[in-house]
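As structure tokens, the structure follows; a few thoughts come after it.
Numbering (my numbering), first residue to last: 9 to 396.
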């Protein structure tokens, strides 16, 4: 053991002496180019004048179970900081790190619940980050139950370090995550490793299909920032935009009202893929229920989304896509997209009424023309957005 070795007693005394605080690393929206939140990162301001990062003491705290004591002691500080942040910008979402171990006892979940019910914090502005590693081997049903309870109150759950585990997708399917954060290692290897690039792009598309927000960590250059924006990523975090900042410096950062490039062209491409998938699903279901041999008394089922505001293209159009409002192709897109869904309803009703096959085929041809029109407008929107 060296003089610089940290032991549990050091951490306990540091917590007792209020030597811990949060630094805040900005997150930037790749849609608007504006700050959209920050991650609260624990720092230890030791009496010897050094500032110690969590990597030097959290592993020991986790091994000894003291990490939950730290979480409970620091949560009131987080809420106090959030009140100051909200005074400047109440749209920012603040995330903080917990482990599944923290939820094995009721303390931290009760504190979060009380803060929400006591109107000390807006749950929609509070985000819990959990690494896959902390929950992968935790089969305690109470942990999942407590997390679900907080999610039902409006708190969001983010999977940190996505892409580093062996079963990230399986974990996503079992836990109520609304956000995934792509591991910084994958992001930083993209320029040298094509496989990392493919994994990042596939993760972005998968998150979009699942309706999950995606944050890329570890961005250290404008080239990586631009690539992620063009790939359809929605949030970015990294030294290129901002390092973790002490509270006073983070407040000054917000006051600057800095803006980075934010033009979600990549989301236009994903919207095209979403539309193609919607059209294919509709046609597949029509063919299966109309042209293929049916069993006697077989019920015809259709699962395609018919509300033009709720399909994936519609959610994009009435959500992030509004950044393109004013561009001719965007403004003209709404009506043909609405007509397309009306045609979808007409097709399904025709199939359910067992109308002649030639009438179904005629409707399918009309659908194809309207679909081509929508795709052409989305492609033209890409062209217009480049010079927007």
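Beta carbons are placed, not taken as given, at the ideal position from N, Cα and C, and that holds for glycine. Predicted, not measured: the structure shown is a model, and the values here were computed from it.
> Is it buried or exposed for residue 366, if we count other Cβ within 10 angstroms and need 16 for buried?
Replying inline: exposed
> Should residue 361 be labelled buried (16 or more other beta-carbon atoms within 10 Å of its own) or exposed?
Replying inline: exposed
> Looking only at DSSP bridge pairs, what is residue 104 linked to?
Replying inline: 48 and 136
> By the 10 Å Cβ neighbour count, where 16 or more other Cβ atoms means buried, how is residue 43 classified, buried or exposed?
Replying inline: buried
> Sorry if obvious, but does the Cβ on residue 146 come closer than 7 Å to a heavy atom of the ligand ADP?
Replying inline: Among the components modelled here there is no ligand, and therefore nothing to report on the ligand ADP.
> Do residue 139 and residue 169 have their C-beta atoms within less than 8 Å of each other?
Replying inline: yes
> Taking the alpha helix (DSSP H) that residue 340 falls in, what are its first and last residues?
Replying inline: Following the DSSP letters along the chain, one finds residue 340 inside the alpha helix (DSSP H) bounded by residues 336-360.
>> Among the candidates 327, 257 and 137, whose CA atom is the shortest distance from the CA of residue 187?
In response: Proximity to residue 187 across 327, 257 and 137 peaks at 137, based on C-alpha coordinates.
> How would you write the range of the beta strand (DSSP E) that residue 165 sits in, first residue to last?
Replying inline: 164-170
> Is residue 34 helix, strand or coil when you go by DSSP?
Replying inline: strand
>> Closer than 8 Å is the cut-off here; do at least three beta carbon pairs connect the region 335-354 with the region 375-393?
In response: Verdict: yes, contact present.
>> Between residue 215 and residue 207, how many whole angstroms is the CB-CB distance? I'm expecting something under 8 Å.
In response: Rounded, the Cβ-Cβ distance is 12 Å, inconsistent with contact.
> Is it true that the CB of residue 245 sits closer than 8 Å to the CB of residue 227?
Replying inline: Cβ distance < 8 Å, so residue 227 and residue 245 count as in contact.
> When you compare each of 197, 383 and 200 to residue 342 by their alpha carbons, which one comes out closest?
Replying inline: 383
> Got a sec? Which residues, its chain only, sit under 8 Å from residue 113 by beta carbon, not counting five neighbours each side?
Replying inline: Closer than 8 Å at Cβ, skipping near neighbours: 76.
> Any idea what DSSP makes of residue 85, helix, strand or coil?
Replying inline: helix
> What number of angstroms, rounded off, separates the C-alpha of residue 185 from the C-alpha of residue 193?
Replying inline: 21 Å
> Using the C-alpha atoms, what's the distance from residue 56 back to residue 47?
Replying inline: For the pair residue 47 and residue 56, the Cα-to-Cα distance works out to about 26 Å.
> Hey, residue 298 and residue 359: beta-carbon distance below 8 Å or not?
Replying inline: yes
> From residue 189 to residue 132, what distance separates their C-alpha atoms?
Replying inline: 18 Å
>> Quick check for students: name the residue ranges of the alpha helix (DSSP H) that lie wholly in the region 143-230, counting only runs of 4 or more.
In response: 149-161, 176-182, 192-197 and 202-218
> Relative to the alpha-carbon of residue 275, which residue among 67, 106, 224 and 38 has its alpha-carbon at the smallest distance?
Replying inline: When each option's Cα is compared against that of residue 275, the closest is 38.
> CB-CB under 6 Å to residue 101, same chain, minus the five flanking residues each way: which ones, in chain order?
Replying inline: 45, 133 and 135
>> If distances are taken between C-alpha atoms only, which option among 72, 196, 121 and 149 comes closest to residue 162?
In response: Selected option, being the one with the closest Cα: 121.
>> For residue 179 and residue 141, what's the separation of their Cα atoms in angstroms?
In response: CA-to-CA, the gap between residue 179 and residue 141 works out to about 10 Å.
> So residue 264 is in the alpha helix (DSSP H); what residue range does that whole segment cover?
Replying inline: 255-264
> What span of residues does the alpha helix (DSSP H) with residue 385 cover, start to end?
Replying inline: That run of the alpha helix (DSSP H) goes 365-394.
> In chain order, what residues of the same chain lie with their CB nearer than 8 Å to the CB of residue 13, ignoring the 5 residues before and after it?
Replying inline: none
>> Do residue 250 and residue 5 have their beta-carbon atoms positioned less than 8 Å apart in this structure?
In response: Nothing can be reported for residue 5: it is not among the residues displayed for the chain, which extend from 9 to 396.
>> If distances are taken between C-alpha atoms only, which option among 364, 352, 74 and 387 comes closest to residue 374?
In response: When the alpha-carbon of residue 374 is set against those of 364, 352, 74 and 387, the nearest one is in 352.
> Apart from the five residues on each side of it in sequence, which residues of its chain come closer than 6 Å, Cβ to Cβ, to residue 119?
Replying inline: 83
>> Suppose contacts are defined by Cβ-Cβ distances below 8 Å. Is residue 388 in contact with residue 347 by that definition?
In response: Going by C-beta atoms, residue 388 is not nearer than 8 Å to residue 347.
> Given that a residue counts as buried once 16 or more other Cβ atoms are within 10 Å of its Cβ, and exposed if not, what is residue 380?
Replying inline: exposed
>> For residue 243, list the residues DSSP reports as bridge partners.
In response: Residue 243 pairs with 37 and 223.
>> Need the endpoints of the alpha helix (DSSP H) that residue 322 sits in, please.
In response: 320-325
> Expressed to the nearest angstrom, what Euclidean distance is found between the alpha-carbon atoms of residue 385 and residue 232?
Replying inline: C-alpha separation (whole angstroms): 28 Å.
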